[in-house]
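The sequence shown runs 3 to 329 under the numbering used here. Even for Gly, the Cβ is constructed at its ideal location relative to N, Cα and C. Right, one structure below, let's go through it.
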Amino acid sequence: MTVMSTRAKLGVVVASAVLLGAVAAGYAARAGQAPRTPPPAGAEQAVTLTSGPRLLAITDRHVSTVAATDPAGPRTIAGLECLRVYAAAGTGVCLKPETAWSYQVVVLDATLRQTRAVSVPGLPNRARVSASGRMVSWTTFVGGDSYTSSGFSTRTGILDTRTGATAASLEEFAITRDGRGYRNADVNYWGVTFTADDNRFYATMATGGRRYLVRGDLAARTVETLKENVECPSLSPDGTRLAFKEAVDADPAKGWRLSVLDLPSMRVTATAEVRSVDDQAAWLDNGRLAYTLRRDDGQPDVWSVPADGSGTPTLVIPGAESPSPLT
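Here it is, written out as structure tokens:
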């Protein structure tokens, strides 16, 4: 067995940190852009989170919906500004500007009324709601951690909307890696997806230049590693598969392949989408995935592809991002 040298390990860590910094810097630039077409005053009353079957997305930094049967058709745009949005069972989460330099996680009811807000550090990146609507999660890019050469790392938190209990950072959780207890100051998490019981979840954990799929137990405040090179997992409605982005040749600098992990067999199937998908995909149903791709000018589009590796990618919502099904 070949043992990686100390210099090689350091190179992997530095490369990962530089990549994360580049992604965060690009996201910061997009987050700082002003919306091009502000919606009319009072438009927020036109969008609800129970008006399915529809698709929720962000258009010009504002919450919007389209008919699931005609996603390229007429679009309703609310007055609520978000950089990331997701919804399930009438509960929404919006990562929104609090001031020009700070952001909030805002929990929404079915009419987009704010029910709770939590100030968070850094730049919004990921957001999820459990299928029941009870649990909310978010990920932000942050700076200042001493172990990062790029100046950027992540913070991921979970909020129980029923009790108000909040885990501000998964970095507080105890880790089992490869069957043994593990601790390291460089641990980062991102991309939570919840199971049906509202207690267990999956996420990405990075440490030592390597990225792992972890399964977490919120009540026990623990995580355990399951598989390497699995990022931004998204659990299928039937709970049997995880859509995720897989680094090409285990090297994020080469881009990501949108893939699906079958949990019982741990078998991975690459989708027909061969472009690099740097997103946490959403399941439109048990057979189709939705995700964001950016054009050369940086503008986003929502695409869809079958989860079983068949078919071809299809443009779903032009000029939108952060898709979420409303059923």
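Query: Is the segment 225 to 238 close to the segment 200 to 207, with three or more CB pairs under 8 Å?; Result: yes
Query: What residues are listed by DSSP as bridge partners for C96?; Result: V87, V108
Query: What residue range is occupied by the uninterrupted beta strand (DSSP E) comprising P325?; Result: 323 to 328
Query: Within 10 Å of its beta-carbon, does L165 have 16 or more other beta-carbons around it, so buried, or fewer, so exposed?; Result: The amino acid occupying residue 165 in the given sequence is Thr; Leu does not appear at that position. Label assigned to T165: exposed.
Query: On the three-pair Cβ rule with 8 Å, is the segment 97 to 113 touching the segment 182 to 198?; Result: no
Query: State the Cα-Cα distance for the pair S306 and Y214, rounded to the nearest angstrom.; Result: 25 Å
Query: To the nearest angstrom, report how far apart R223 and R130 are at their CA atoms.; Result: 19 Å
Query: If you run the structure through DSSP and keep just helix, strand and coil, what is L172?; Result: helix
Query: Return the CA-CA distance between L82 and R182, expressed in angstroms with no decimal places.; Result: 45 Å
Query: By the three-class DSSP mapping on this structure, what secondary structure does P302 have?; Result: strand
Query: Within its chain, find whatever has a CB closer than 7 Å to the CB of D200; leave out the 5 residues flanking it on each side and keep chain order.; Result: S132, S134, R136, M137
Query: Below 8 Å between beta carbons: does that hold for Y191 and T158?; Result: yes
Query: Just reading off the beta strand (DSSP E) that G145 is part of, what are its end residues?; Result: 137 to 145
Query: Threshold first: 3 residues or longer. Then list the beta strand (DSSP E) segments lying entirely within the segment 229 to 283, N to C.; Result: 233 to 237, 243 to 249, 258 to 264, 269 to 272
Query: Could you work out which residue in L220, A187, T227, V216 is closest to G210 when comparing CA atoms only?; Result: A187
Query: Indicate whether the contact test is met: 3 or more Cβ pairs, each with one atom in the segment 270 to 280 and one in the segment 244 to 259, closer than 8 Å.; Result: yes
Query: Where do the N-terminal and C-terminal ends of the beta strand (DSSP E) with N127 fall, by residue?; Result: 125 to 131
Query: Under 8 Å: do the segment 84 to 100 and the segment 170 to 177 share three or more Cβ pairs, one atom per stretch?; Result: no
Query: Residues in the same chain with beta-carbon distance under 6 Å from A119, minus the five sequence neighbours each way, listed in chain order, please.; Result: Q106, V108
Query: Locate the beta strand (DSSP E) running through V65, then write down its first and last residues.; Result: 64 to 69
Query: What does DSSP give as the partner residues of P320 in its beta bridges?; Result: D303
Query: In or out: T61 buried (at least 16 other Cβ within 10 Å) or exposed?; Result: buried
Query: What three-state label does DSSP hand A309 in the structure shown?; Result: coil
Query: Can you give the Cα-Cα distance for R217 and N127, rounded to whole angstroms?; Result: 20 Å
Query: Only counting runs of 3 or more residues, tell me where the beta strand (DSSP E) segments fall wholly within the segment 179 to 209, in order along the chain.; Result: 182 to 184, 190 to 196, 202 to 209
Query: At which residues does the beta strand (DSSP E) containing R217 begin and terminate?; Result: 212 to 219
Query: Give every residue of the same chain whose Cβ lies closer than 7 Å to the Cβ of N288, excluding the five residues on either side of it in the sequence, and list them in chain order.; Result: S238, P239, D240
Query: Hey, A274 and S312 are a contact pair by Cβ (cut 8 Å); roughly how many whole angstroms apart?; Result: 7 Å
Query: Who are the Cβ neighbours of I177 in its own chain at under 6 Å, not counting the five residues just before and after it?; Result: Y184, V225
Query: Hey, how far is the Cα of Q301 from the Cα of G321?; Result: 7 Å
Query: When burial is assigned at 16 or more other CB atoms within 10 Å of the CB, is A90 buried or exposed?; Result: buried
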